[in-house]
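Residue 153 is where the sequence shown starts when you use the numbering used here, and the numbers rise one by one after that. Note that CB positions come from ideal geometry on N, CA and C, so glycine has one too. Heads up: the structure comes next, in structure tokens.
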Amino acid sequence: MSIVTAGITNKSVYFNIVEDAGSTNPGEPKTGLTHTDFDGSSYVREGGLRVAIAAMTTLAAANSVHTDGAIKEVDATNTPGLYRFDPPDAAFLAGVDEVIIQLDPAAAANVVARPLRVTITDLDLQTASTAQTGDSFVRLGAPAAASIAADLLVIDDFVDGLQLDLDTITGTDGVTLATAQALYAPSKAGDAMDLVANAVDATAIANNAIDAASIAANALNGKGDWNIGKTGYSLTQAFPTNFADMSIVVTTGLVDITQAAADKVWGSATRTLTAFSTALALSVWDVLETAILTASSIGLKVKNNLDAVLTARTLPTASYFDPAADTVALVTDVTTKTGYSLSTAGILAIWHQLTSAIVTASTIGKLLKDNVNATISSRMAEVSISTTGGAVDTVTTLTNKTGFSLAATGLDAIVSTAVGVVEIAKAVWDRVLSKALHDIPQSAGKRVRQIDAAFEVASGTAQAGGAATITMEVGSSATDNIFRGDRYIIVAGVGIGEHGLCVSYDGTTLIATMSEDWVIQPDDTSEYEVVPADVDVETVQHVIQTGGDLAALIADVPNTVWDEAMVEPSIVPSITGTFRAAFQWVFALSRNKITATGSLKTLRNDADDADIATSVLSDDNTTATREEWT
């Protein structure tokens, strides 16, 4: 538990964090944690709801400047498991006695951070009390340089000032000496004598036993000359006769009029303000325009609308009303007005005007009447082509015209002088191909687009490069391993000419990993193209193999060969047959039963119920011959 002063700012707290039951060393201090090992943090003030603290960060050092939501390990060697955490100032505001601060470790961290209970006090305990040294001491609320001796002296003066006559107060109506001594029994050794609660009451003190004369001046904390029980005094200020009716209440030196009194004032039939001076009136009219901002106020209305002298405004030269119809029959405006618009009826009246009535020459109406005499679609269009060389000026397109051709001289002129033709050619080759614009079946644009897609999977400028990696540009595919098996070629920038085979691709980081290190590591100037690999070297019988799988596969080849099950031959293998058939023949020839006569050798099968092959024998007493097995 921790104790802080209400309203404290930039306060850091400390947590002991240990490994949980699922870790290797349960209960042992946990070191090396940062803000990434926590899902968040929060606090709960007494009687309130949970308040999430801003996103956590990690302090640079354990003594860094306070940062809300920041955490830092104090010393992993000397104080393992101790972490500093910086809550926001709002957690320690006044108004509650307690606040709970909670860290929320991530599940993967496997740690326990118990909630920290913090007591909030209105008293600053660091300055409210100090250990007593000698005669000096500091008490709660005591003035500077206070001491025990000074306190005892004050008590002694007070007792002397009472001038109690024990002989008097021990009379018939008073208290006994023993009772008087009990009145001032000390509560503990070394303390000033305290008056026992309720030891003296009104009936225990004789009449007139204590009077003003028996109390020394200033004995009662400077109040010895109080006017107690005095009469004959009056206020120097005369109050009006209807003071009580006005319901006036004097508070803290001011006079407050109650609501009832105010209602009486405003309920009067006639009210006249007689104290509205000339200066006050001028202060109203002298307010600057810039200070008048309140919407819907009369001041803002005057400011916004009284924007010119009235004589500058022009008036209609003639206007009159038809009393019967109560409408404006004529208004003549001699000046240009702005900010007005025609009504819908007025606009329709313009468009509904008959063409027969439009006869004024040089008007826009007459121009439209004379020229818009057919549908626009029936008109032939002109297309102007600007060229750098000026060979082509204007081409008039005649719809559905055939049988026309350029003269030879015309062709020569275009070839020799029309720079615009070159520009058109450049524009064709520089055209960006897309499915939306180049998808007409059998068109050259679609064919070129398909060829490009077949030879290039992706391209761009790298963001960065590693020993055997390259980070593709922003916007590349977010699908993992979509480029695995493809080849990356550096076509410009650092590493130009290099290429590598992709073995993995991370769609989140956009990092592609090659099968081996680059000779020259690419960087953010390297431009790349991704093309399909010539051979899918990552699959064996259509099963994806990793680098480790391939190595294991290669190492297992001999075992696979030697572990191949034998099959007994039924015939003699061809001289050009497989190695497997030859090996099985040799094995059967060396293992199986062979019978021989003077002229024939026979190879039997393993069951000895059939012949596999025979070989003819001959001997001319000079050379013994065995013919080929058949």
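Requested in this report: May I have the straight-line CA-CA distance separating D325 from L304, to the nearest angstrom?
Outcome: For the purposes of this step, residue 325 is taken as residue 173 along the sequence shown, with counting starting at 1. For the purposes of this step, residue 304 is taken as residue 152 along the sequence shown, with counting starting at 1. The predicted position of D325 is uncertain, since its pLDDT is 47 and thus under 50; a value taken from the coordinates is nonetheless stated next. Straight-line Cα distance between these residues: approximately 31 Å.
Requested in this report: Evaluate contact between the segment 247 to 267 and the segment 196 to 216, counting only Cβ atoms and requiring at least three cross-stretch pairs below 8 Å.
Outcome: These segments touch.
Query raised in the report: So, is M718 buried or exposed, given that buried needs 16 or more other C-beta atoms within 10 angstroms?
Result: Locating residue 718 in the sequence shown gives position 566, counting from the first residue. Classification for M718: exposed.
**Report entry** Inter-residue spacing [alpha-carbon to alpha-carbon] between A261 and S667
**Finding:** For the purposes of this step, residue 261 is taken as residue 109 along the sequence shown, with counting starting at 1. For the purposes of this step, residue 667 is taken as residue 515 along the sequence shown, with counting starting at 1. Rounded to the nearest whole angstrom, the C-alpha separation of A261 and S667 is 34 Å.
Query - Under the three-state DSSP convention, the category N456 falls into - result: To locate residue 456, count along the sequence shown from 1; it is residue 304. DSSP places N456 in helix when its eight states are reduced to three.
Query raised in the report: Which whole-angstrom value is the C-beta distance of G617 and P674, which I expect to be below 8 Å?
Result: Residue numbering aside, residue 617 sits at position 465 when the sequence shown is read from its first letter. Residue numbering aside, residue 674 sits at position 522 when the sequence shown is read from its first letter. About 3 Å separates the two Cβ atoms, so the contact holds.
Query raised in the report: Is the beta carbon of V646 less than 8 Å from the beta carbon of I663?
Result: The count along the sequence shown starts at 1 and reaches residue 646 at position 494. The count along the sequence shown starts at 1 and reaches residue 663 at position 511. With respect to I663, V646 sits apart: the two C-beta atoms are not nearer than 8 Å.
Query - P593 burial status per 10 Å Cβ neighbour count (16 or more: buried) - result: Along the sequence shown, one-based indexing puts residue 593 at 441. P593 is exposed by the Cβ-count criterion.
Report task. For V738, count neighbouring C-beta atoms within 10 Å of its own C-beta (all shown protein chains included) and say buried if the count is 16 or more, exposed if not. Result -> In the sequence shown, the residue the question calls residue 738 occupies position 586. Exposed is the call here.
Requested in this report: Could you check how far apart the C-beta atoms of F244 and F167 are, in whole angstroms? I think they sit under 8 Å.
Outcome: The residue you call residue 244 lines up with position 92 of the sequence shown. The residue you call residue 167 lines up with position 15 of the sequence shown. So it is not a contact: roughly 17 Å between Cβ atoms.
Report task. Evaluate E225 with the Cβ neighbour count: other Cβ atoms within 10 Å of its Cβ, from every protein chain shown; 16 or more gives buried, anything less gives exposed. Result -> Within the sequence shown, residue 225 is the residue found at index 73, counting from 1. Buried is the call here.
Query raised in the report: Would the beta-carbon of A824 fall within 8 Å of that of E720?
Result: Summary: the structure shown does not reach residue 824, with the chain confined to residues 153 through 782, and so no result is reported for it.
Report task. Quick one: using the 10 Å Cβ neighbour count with 16 as the cut-off for buried, is S508 buried or exposed? Result -> Reading the sequence shown from its first residue, position 356 is the one you call residue 508. Result: exposed.
Query raised in the report: On the three-state DSSP scale, how would you describe V580?
Result: Looking up residue 580 in the sequence shown gives position 428. The answer is helix: DSSP assigns V580 an H, G or I state.
Query raised in the report: Excluding five sequence neighbours on each side, which residues of the same chain lie with their C-beta closer than 7 Å to the C-beta of I648?
Result: The sequence position of residue 648 within the sequence shown is 496, counting from 1. In its chain, beyond the 5 residues on either side, I642 have a beta carbon closer than 7 Å to the beta carbon of I648.
Query raised in the report: Excluding sequence positions up to five away, which residues of its chain have a Cβ less than 7 Å from the Cβ of T186?
Result: Position 34 of the sequence shown, counting from 1, holds the residue named residue 186. Within the same chain, T210 come within 7 Å of T186 by CB-CB distance, once the 5 residues on both sides are set aside.
Query raised in the report: Just reading off the alpha helix (DSSP H) that A433 is part of, what are its end residues?
Result: Along the sequence shown, one-based indexing puts residue 433 at 281. Segment T430 to W437, the alpha helix (DSSP H) holding A433.
Query raised in the report: Can you tell me whether DSSP reads F607 as helix, strand or coil?
Result: Counting from one through the sequence shown, the residue named residue 607 turns up at place 455. DSSP places F607 in helix when its eight states are reduced to three.
Query raised in the report: Using the C-alpha atoms, what's the distance from A707 back to K745?
Result: Sequence index remark: in the sequence shown, residue 745 carries index 593 (1-based). Sequence index remark: in the sequence shown, residue 707 carries index 555 (1-based). Roughly 37 Å separates the two Cα atoms.
Query - I169 in three-state terms, based on DSSP - result: Your numbering for residue 169 matches position 17 in the sequence shown. Here I169 sits in strand by DSSP.
Query - Enclosing alpha helix (DSSP H) for S193 [first to last residue] - result: In the sequence shown, counting from the first residue as 1, residue 193 sits at position 41. Note, S193: premise wrong, no alpha helix (DSSP H); beta strand (DSSP E) at F190 to R197.
Query raised in the report: Shortest alpha-carbon distance to N633 belongs to which of V768, I622, S656 and I307?
Result: In the sequence shown, residue 633 corresponds to position 481, counting from 1. The shortest C-alpha separation from N633 is found at S656.
Report task. Check A447 in the structure and name its three-state DSSP category. Result -> Counting from one through the sequence shown, the residue named residue 447 turns up at place 295. Here A447 sits in coil by DSSP.
Report task. Give the secondary structure of F635 by DSSP, where H, G and I count as helix, E and B as strand, and everything else as coil. Result -> Here residue 635 refers to the residue found at position 483 of the sequence shown. In the structure shown, F635 falls within a coil segment according to DSSP collapsed to helix, strand and coil.
Query - Short Cβ contact (8 Å threshold) for P181 with V165 - result: Locating residue 181 in the sequence shown gives position 29, counting from the first residue. Locating residue 165 in the sequence shown gives position 13, counting from the first residue. Cβ distance not < 8 Å, so P181 and V165 don't count as in contact.
Query raised in the report: Can you tell me whether DSSP reads S751 as helix, strand or coil?
Result: Position 599 of the sequence shown, counted from the first residue, corresponds to residue 751. In this structure, S751 counts as coil in the three-state DSSP scheme.
Query raised in the report: Under a three-way DSSP split, which group does I205 fall into?
Result: As a position in the sequence shown, residue 205 is number 53, starting the count at 1. Residue state, collapsed to three classes: coil.
Query raised in the report: With 16 as the cutoff for other CB atoms within 10 Å, does W503 come out buried or exposed?
Result: To locate residue 503, count along the sequence shown from 1; it is residue 351. Per the 10 Å Cβ criterion, exposed.
Query - 7 Å Cβ shell around Y680 - same chain, five flanking residues per side excluded - result: Locating residue 680 in the sequence shown gives position 528, where the first residue counts as 1. So the list reads S611, G612, A614, I622, Y640, I641, I642 and V643, once near-sequence residues are dropped.
Query raised in the report: Nearest-angstrom Cα distance between I603 and D591?
Result: In the sequence shown, residue 603 corresponds to position 451, counting from 1. In the sequence shown, residue 591 corresponds to position 439, counting from 1. Between I603 and D591, the C-alpha separation is close to 13 Å.
Query raised in the report: Tell me, which residues are paired with G627 by DSSP?
Result: Residue 627 sits at position 475 when you count from the first residue of the sequence shown. None, per the DSSP bridge assignment.
Report task. Reducing DSSP to helix, strand and coil, say where A260 ends up. Result -> Within the sequence shown, residue 260 is the residue found at index 108, counting from 1. DSSP places A260 in helix when its eight states are reduced to three.
Query raised in the report: Is it the case that the Cβ atoms of T161 and D276 are separated by a distance below 8 Å?
Result: Counted from its first residue, the sequence shown places residue 161 at position 9. Counted from its first residue, the sequence shown places residue 276 at position 124. Taking 8 Å as the cut-off, the beta carbon of T161 is found no closer than this to the beta carbon of D276.
Query raised in the report: Taking the continuous alpha helix (DSSP H) assigned at L234, which residues delimit it?
Result: Stepping through the sequence shown from its first residue, residue 234 is reached at position 82. From DSSP, L234 is part of no alpha helix (DSSP H) but of the beta strand (DSSP E) over T231 to F237.
Query raised in the report: Straight-line CA distance for I516 to S495?
Result: On the sequence shown, residue 516 is found 364 positions in, with the first residue counted as 1. On the sequence shown, residue 495 is found 343 positions in, with the first residue counted as 1. Their Cα atoms are separated by approximately 21 Å.
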